[in-house]
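Asks: Sequence order for the protein chains is A and B.
Numbers given in the working numbering equal positions in the first sequence, counted from 1, plus 9.
Numbers given in the working numbering equal positions in the second sequence, counted from 1, plus 9.
All C-beta atoms in this analysis are idealised placements derived from N, C-alpha and C, irrespective of residue type, glycine included.
Please read all numbers here as calculations on a predicted model, not as lab measurements.
I have a structure I would like to understand better, so I am pasting it below and will then ask my questions one at a time.
There are 2 protein chains.
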Amino acid sequence: LIAGLALSAGLGCQSVPDSARVANPSPAFTDSGELVRPEGWEAWVMVGASIGLSYTEPGAAPEAAAAPAPAVTPASAAAPGRFHNVFMQPWAYRHFLQTGEFAEETMFVLAFYDPSQDADPAAAGFYEGELSSTIEVHLKKQGLDDSGWGFFGFSGDAASGEAFPSEASCYTCHAERADLDNVFVQFYPALRGKLPGGSEE
Amino acid sequence: LIAGLALSAGLGCQSVPDSARVANPSPAFTDSGELVRPEGWEAWVMVGASIGLSYTEPGAAPEAAAAPAPAVTPASAAAPGRFHNVFMQPWAYRHFLQTGEFAEETMFVLAFYDPSQDADPAAAGFYEGELSSTIEVHLKKQGLDDSGWGFFGFSGDAASGEAFPSEASCYTCHAERADLDNVFVQFYPALRGKLPGGSEE
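The structure is reproduced here in structure tokens:
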């Protein structure tokens with residue numbers, strides 16, 4: 010709290026608080042080249058939530074879809090659908106606000122929550138219930154794929170995750186249909202319309 | 010970016026970056042005692058999202074409800090319902106993780122988004138569309154109400170907002186039905202189950 014208040018008041022800075030480092034991670038890799046599962050992302054900037062969001066019509070068989078075949082989001086089939094929250098490192102968010110671009114080493118974490126109405130006094134609608142231990146990461150880093158980004162999955166409690174192969178549909182879909190640099194900013198209220206024209210922070 | 014990377018790498022600190030102050034505000038008041046509309050809350054910690062969440066059964070008239078009469082959330086009537094995101098200052102979130110309590114001057118911002126399926130390639134489900142200019146704030150501060158908290162509404166582009174009177178149903182409902190200190194932590198995945206038992210950050 011003291012560190013927080015000092016920051017809040019703009020007082021002198023003795024050292025970078027641990028909390029700043031926790032909140033501003035860069036990607037780390039294992040010796041075998043897997044991405045280390047990010048920690049602390051719940052306190053990153055949440056750029057947008059969705060529920061049951063899918064890129065195919067309900068009930069449409071992928072084979073029946075018009076060309077180019079729409080990609081299916083990895084986990085969005087069940088009704089009423091899970092909540093998807095997308096988080097971004099605070100430093101990467103500030104870089105985006107300042108430049109309108111995504112910096113190298115930007116990470117987006119996609120987290121999944123069951124829709125719930127169990128806890129009192131919820132009587133209609135849904136709040137975010139159980140968090141899935143599976144998360145996915147979209148990382149901007151040269152050398153992973155021609156798009157300049159890589160997708161990683163972390164199942165269960167896996168401490169690290171492999172990049173999806175470049176043939177995975179997520180790469181093509183994000184490259185062709187995302188509004189800015191492979192990122193679906195059109196779905197994210199904290200990013201949409203924030204492309205800077207001036208020099209203000 | 011430079012400030013962000015410096016924090017990320019844990020390098021020496023020349024000054025507190027502006028971004029830290031923006032991200033860690035304390036409440037401010039006008040001369041007439043209204044709360045100044047908080048800024049920059051989109052980059053605070055998003056503790057939980059919901060859609061159409063209401064505390065009364067769909068279609069139930071408030072008069073017909075069993076005693077104690079359930080309170081109605083201020084903006085949750087329309088179907089399929091709006092997204093509600095709840096944000097908390099980063100310093101207040103860290104204080105909660107460390108102590109299990111909400112610090113004086115903790116603020117929660119409640120923001121409303123229309124559910125949307127308009128932007129390609131969304132085909133099923135909903136993402137967070139237009140952000141309402143109306144927000145609500147729940148502020149922990151002695152002297153506002155016997156509960157130790159106050160509720161404030163900011164309609165349209167109002168630069169400041171008055172506290173709701175203590176007779177408003179939100180005070181009673183939060184005092185009686187929230188799991189911890191007037192806060193519906195039962196609905197917030199970033200807070201539920203995070204009550205600390207040890208001393209780790």
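Measure the alpha-carbon distance for proline 83 (chain A) versus glutamate 43 (chain A) and round it to whole angstroms.
Replies: For this step, residue 83 (chain A) is matched to residue 74 along the first sequence. For this step, residue 43 (chain A) is matched to residue 34 along the first sequence. Caution is warranted here: a pLDDT of 39 is assigned to proline 83 (chain A), below 50, making its placement in the model unreliable, and the coordinate value is therefore given only provisionally. Computed Cα separation, rounded: 20 Å.
Asks: Drop a sphere of 10 angstroms on the beta-carbon of glutamate 137 (chain B), count the other beta-carbons inside from all chains shown, and report buried for 16 or more, exposed for fewer.
Replies: Here the question's residue 137 (chain B) lines up with position 128 in the second sequence. Buried, since its Cβ has 16 or more Cβ neighbours within 10 Å.
Asks: With 8 Å set as the bound, which would you pick, yes or no: does the beta-carbon of glutamate 51 (chain B) sit closer than that to a beta-carbon of chain A?
Replies: Counting from one through the second sequence, the residue named residue 51 (chain B) turns up at place 42. Glutamate 51 (chain B) counts as touching chain A.
Asks: Could you say if the stretch 114-124 of chain B and the stretch 175-187 of chain A meet the contact criterion of at least three C-beta pairs nearer than 8 Å?
Replies: Taking 8 Å as the limit for Cβ pairs, the verdict is that the stretch 175-187 of chain A does not touch the stretch 114-124 of chain B.
Asks: Measuring straight from C-alpha to C-alpha, what distance separates proline 130 (chain B) and serine 63 (chain A)?
Replies: Translated into positions along the second sequence, residue 130 (chain B) becomes position 121. Translated into positions along the first sequence, residue 63 (chain A) becomes position 54. Cα to Cα, proline 130 (chain B) sits roughly 8 Å from serine 63 (chain A).
Asks: Can you tell me which of the three DSSP states serine 141 (chain A) falls into?
Replies: In the first sequence, the residue the question calls residue 141 (chain A) occupies position 132. Strand.
Asks: Starting from asparagine 94 (chain A), find everything on chain B with Cβ-Cβ shorter than 8 Å and list it in chain order.
Replies: As a position in the first sequence, residue 94 (chain A) is number 85, starting the count at 1. Correct list: Met55 and Ala58.
Asks: Bridge partners of proline 124 (chain B), per DSSP?
Replies: Along the second sequence, one-based indexing puts residue 124 (chain B) at 115. According to DSSP, proline 124 (chain B) bridges with B:Glu137.
Asks: With 16 as the cutoff for other CB atoms within 10 Å, does alanine 52 (chain B) come out buried or exposed?
Replies: Here residue 52 (chain B) is taken as the residue at index 43 of the second sequence, counted from 1. Alanine 52 (chain B) is buried by the Cβ-count criterion.
Asks: Could you check whether the Cβ of glutamate 66 (chain B) sits closer than 8 Å to any Cβ belonging to chain A?
Replies: Taking the first residue of the second sequence as 1, we reach residue 66 (chain B) at position 57. So yes, glutamate 66 (chain B) belongs to the interface.
Asks: So, does the CB of glutamate 137 (chain B) fall closer than 8 Å to a CB anywhere in chain A?
Replies: Here residue 137 (chain B) is taken as the residue at index 128 of the second sequence, counted from 1. Glutamate 137 (chain B) counts as touching chain A.
Asks: Can you tell me which of the three DSSP states alanine 58 (chain A) falls into?
Replies: Residue 58 (chain A) sits at position 49 when you count from the first residue of the first sequence. It is a strand residue.
Asks: Listed in chain order, which residues of the stretch 111-144 of chain B have Cβ atoms closer than 7 Å to some Cβ of chain A?
Replies: Residues Ala112, Tyr122, Ala128, Asp129, Pro130, Ala131, Ala132, Ala133, Gly134, Phe135, Tyr136, Glu137 and Leu140.
Asks: Along the stretch 186-201 of chain A, where does the CB come closer than 7 Å to a CB of chain B? Name the residues.
Replies: Residues passing the 7 Å Cβ filter: Arg186, Gln195, Phe196, Pro198 and Ala199.
Asks: Leucine 148 (chain B) versus chain A: which residues are under 9 Å apart at the beta carbon?
Replies: As a position in the second sequence, residue 148 (chain B) is number 139, starting the count at 1. None at all; the shortest Cβ gap to chain A is about 15 Å.
Asks: Report the three-state DSSP secondary structure of tryptophan 53 (chain A) (helix, strand or coil).
Replies: Numbered from 1 along the first sequence, position 44 holds the residue referred to as residue 53 (chain A). In this structure, tryptophan 53 (chain A) counts as coil in the three-state DSSP scheme.
Asks: In the DSSP assignment, the alpha helix (DSSP H) including phenylalanine 105 (chain B) goes from what residue to what residue?
Replies: Taking the second sequence and counting its residues from 1, one reaches residue 105 (chain B) at position 96. Element bounds for phenylalanine 105 (chain B): 99-108.
Asks: Can you confirm whether proline 36 (chain B), when its beta carbon is compared against all beta carbons of chain A, has any partner nearer than 8 Å?
Replies: As a working mapping, residue 36 (chain B) is identified with position 27 in the second sequence. For proline 36 (chain B), the answer is no, since every Cβ of chain A falls outside 8 Å of its Cβ.
Asks: For tyrosine 102 (chain B), I'd like the list of residues in its chain whose CB is within less than 7 Å of its CB, leaving aside the five on either flank, ordered along the chain.
Replies: By one-based count along the second sequence, residue 102 (chain B) stands at place 93. Taken in chain order, the residues that qualify are Val54.
Asks: Can you name the residues of chain A whose CB is closer than 9 Å to the CB of proline 47 (chain B)?
Replies: Within the second sequence, the letter at position 38 stands for residue 47 (chain B). Those within 9 Å of proline 47 (chain B) in chain A number zero; the least Cβ separation is about 12 Å.
Asks: Under a three-way DSSP split, which group does phenylalanine 196 (chain A) fall into?
Replies: Within the first sequence, numbered from 1, the residue matching residue 196 (chain A) stands at position 187. In the structure shown, phenylalanine 196 (chain A) sits in a helix (DSSP, three-state: H, G or I).
Asks: When burial is assigned at 16 or more other CB atoms within 10 Å of the CB, is alanine 170 (chain A) buried or exposed?
Replies: What you label residue 170 (chain A) is simply residue 161 of the first sequence in a count that begins at 1. Residue identity check: residue 170 (chain A) is glycine in the sequence provided, not alanine. The residue in question, glycine 170 (chain A), is buried, as its Cβ has 16 or more Cβ neighbours within 10 Å.
Asks: Rounded to whole angstroms, what is the Cα-Cα separation between tryptophan 158 (chain A) and proline 198 (chain A)?
Replies: Residue 158 (chain A) sits at position 149 when you count from the first residue of the first sequence. Residue 198 (chain A) sits at position 189 when you count from the first residue of the first sequence. The alpha-carbon atoms of tryptophan 158 (chain A) and proline 198 (chain A) are separated by roughly 22 Å.
Asks: So, with DSSP's three-state summary, where would you put alanine 184 (chain B)?
Replies: As a first step, residue 184 (chain B) is located in the second sequence; it is residue number 175 there, counting from the start. DSSP places alanine 184 (chain B) in helix when its eight states are reduced to three.
Asks: I need the boundaries of the beta strand (DSSP E) containing phenylalanine 163 (chain A), first residue and last residue.
Replies: Locating residue 163 (chain A) in the first sequence gives position 154, counting from the first residue. Residues 158-163.
Asks: Excluding five sequence neighbours on each side, which residues of the same chain lie with their C-beta closer than 7 Å to the C-beta of aspartate 154 (chain A)?
Replies: Within the first sequence, residue 154 (chain A) is the residue found at index 145, counting from 1. Taken in chain order, the residues that qualify are Ser175 and Tyr180.
Asks: Serine 59 (chain A) to glutamate 48 (chain B), Cα distance in whole Å?
Replies: By one-based count along the first sequence, residue 59 (chain A) stands at place 50. By one-based count along the second sequence, residue 48 (chain B) stands at place 39. If you take the alpha carbons of serine 59 (chain A) and glutamate 48 (chain B), they lie about 23 Å apart.
Asks: Using the three-state DSSP reduction, which class does serine 178 (chain A) fall into: helix, strand or coil?
Replies: The residue given as residue 178 (chain A) occupies position 169 in the first sequence. Helix, per DSSP.
Asks: Could you give the DSSP three-state label for phenylalanine 96 (chain A): helix, strand or coil?
Replies: Taking the first residue of the first sequence as position 1, residue 96 (chain A) is located at position 87. Note: phenylalanine 96 (chain A) maps to strand in three-state DSSP.
Asks: Taking buried to mean at least 16 other C-beta atoms within 10 Å of its own C-beta, is threonine 39 (chain A) buried or exposed?
Replies: Start at 1 with the first residue of the first sequence, and residue 39 (chain A) comes out as number 30. By the 10 Å Cβ count, threonine 39 (chain A) comes out exposed.
Asks: Please work out which residues of its chain come closer than 7 Å, Cβ to Cβ, to alanine 75 (chain A), disregarding the five sequence neighbours upstream and downstream, and give them in chain order.
Replies: On the first sequence, position 66 is the one that residue 75 (chain A) refers to. Low confidence applies to alanine 75 (chain A): its pLDDT is 35, below 50, so where it sits in the model is not reliable, and the reading given next is rough at best. Counting only Cβ-Cβ distances below 7 Å, and skipping sequence neighbours, we find nothing.
Asks: Quick one, which residues of the stretch 163-181 of chain B are near chain A if we go by CB-CB under 7 Å, in chain order?
Replies: Correct list: empty, as no residue qualifies.
Asks: Suppose contacts are defined by Cβ-Cβ distances below 8 Å. Is phenylalanine 196 (chain A) in contact with alanine 128 (chain B) by that definition?
Replies: Position 187 of the first sequence, counted from the first residue, corresponds to residue 196 (chain A). Position 119 of the second sequence, counted from the first residue, corresponds to residue 128 (chain B). In this structure, alanine 128 (chain B) lies closer than 8 Å to phenylalanine 196 (chain A) by Cβ.
Asks: Given valine 192 (chain B), which residues of its chain have a CB within under 8 Å of its CB, disregarding the five upstream and five downstream residues?
Replies: Taking the second sequence and counting its residues from 1, one reaches residue 192 (chain B) at position 183. Within the same chain, valine 192 (chain B) has close Cβ partners Phe111, Phe117, His147, His183 and Leu200.
Asks: Does the distance from the CB of alanine 120 (chain A) to the CB of leucine 140 (chain A) come in under 8 Å?
Replies: For the purposes of this step, residue 120 (chain A) is identified with residue 111 of the first sequence, where counting begins at 1. For the purposes of this step, residue 140 (chain A) is identified with residue 131 of the first sequence, where counting begins at 1. In contact: alanine 120 (chain A) and leucine 140 (chain A) (Cβ atoms closer than 8 Å).
Asks: Let me check understanding here. Comparing Cα to Cα, which of A:Gly57, A:Ala132, A:Pro34 and A:Lys149 lies closest to glutamate 66 (chain B)?
Replies: Within the second sequence, numbered from 1, the residue matching residue 66 (chain B) stands at position 57. The shortest C-alpha separation from glutamate 66 (chain B) is found at A:Ala132.
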